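Residue numbers (our numbering): 189 to 382.
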């Protein structure tokens, strides 16, 4: 059973009709955030490989669409710069609060974050199917409810993004690339010159 589940429920606390944010926050050390989102994906690769790639936080912008960059200071601390609606960016410092290699990593934002957040990503061996990756994120949207609505309109709402980001992570780990209908810079330049 996952550490983020209710004893009578096999789903993440975030999917519960009960106080999902409260139940999830109780499982995340130094939790911050009143909104919660949880997503999971099965990646056809061994746990050690999936965890190892994810745990190097400098790799996360390769599949997290709105993450511009992550400056890794050390094994516990990092600085995040993330795209926000309207062309703005939000930033925060994050600290790893709990970790068990190849099982889970949990974090929280430091005081002064543009978007207070915390969460936990779990890695579970699924045998021949690979690894189940479950991400649970708590966050406070900038500008509260209005900010959440604006973020949804601009496709930058964490629940939407986390699902897309996990699917991109799956593609990258299984195939070495991320499928997209958008033209890359070389294709765009060739189209202009052709």
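Backbone N, C-alpha and C fix where the C-beta goes; we use that ideal spot for every residue, glycine too. These numbers were taken from a predicted model, which means no experiment stands behind them.
- Query: Where residue 259 and residue 317 are concerned, what is the direct C-alpha to C-alpha distance, given to the nearest angstrom?
  - Reply: 33 Å
- Task: Have a look at the DSSP bridge pairing and note the partners of residue 358.
- Result: Beta-bridge analysis with DSSP links residue 358 to no other residue.
- So is residue 226 buried or exposed if we call it buried at 16+ other beta carbons inside 10 Å? buried
- Give me the Cα-Cα distance between residue 238 and residue 274, rounded to the nearest whole angstrom. About 33 Å.
- Item | Alpha-carbon spacing of residue 281 relative to residue 360, whole angstroms | 26 Å
- Task: Identify the continuous alpha helix (DSSP H) that holds residue 242 and give its terminal residues.
- Result: 235 to 243
- Determine the burial state of residue 308: buried for a count of at least 16 other Cβ atoms within 10 Å of its Cβ, exposed for fewer. buried
- Task: My understanding is that residue 278 touches residue 302, with C-beta atoms under 8 Å, so please give their C-beta distance in whole angstroms.
- Result: Confirmed, about 4 Å.
- Message: I believe residue 287 touches residue 356 by the beta-carbon criterion, under 8 Å. Please report the beta-carbon distance rounded to the nearest angstrom.
- Response: Not really, about 23 Å apart at Cβ, beyond 8 Å.
- Task: Work out the CA separation of residue 276 and residue 315 for me, nearest whole Å.
- Result: 42 Å
- Item | Span separating the alpha-carbon of residue 241 from that of residue 294 | 16 Å
- Just tell me which of 311, 291, 296 has its CA closest to the CA of residue 328. 296
- Message: Within a Cβ cutoff of 6 Å, which residues of the same chain sit near residue 322, ignoring the five residues on either side of it in sequence?
- Response: 228, 310
- Item | residue 326 and residue 224 closer than 7 Å at C-beta | Pairing residue 326 with residue 224 gives a Cβ-Cβ distance under 7 Å.
- Query: Just the Cα atoms here: how many angstroms apart are residue 353 and residue 251?
  - Reply: Between the alpha carbons of residue 353 and residue 251 lies a distance of about 6 Å.
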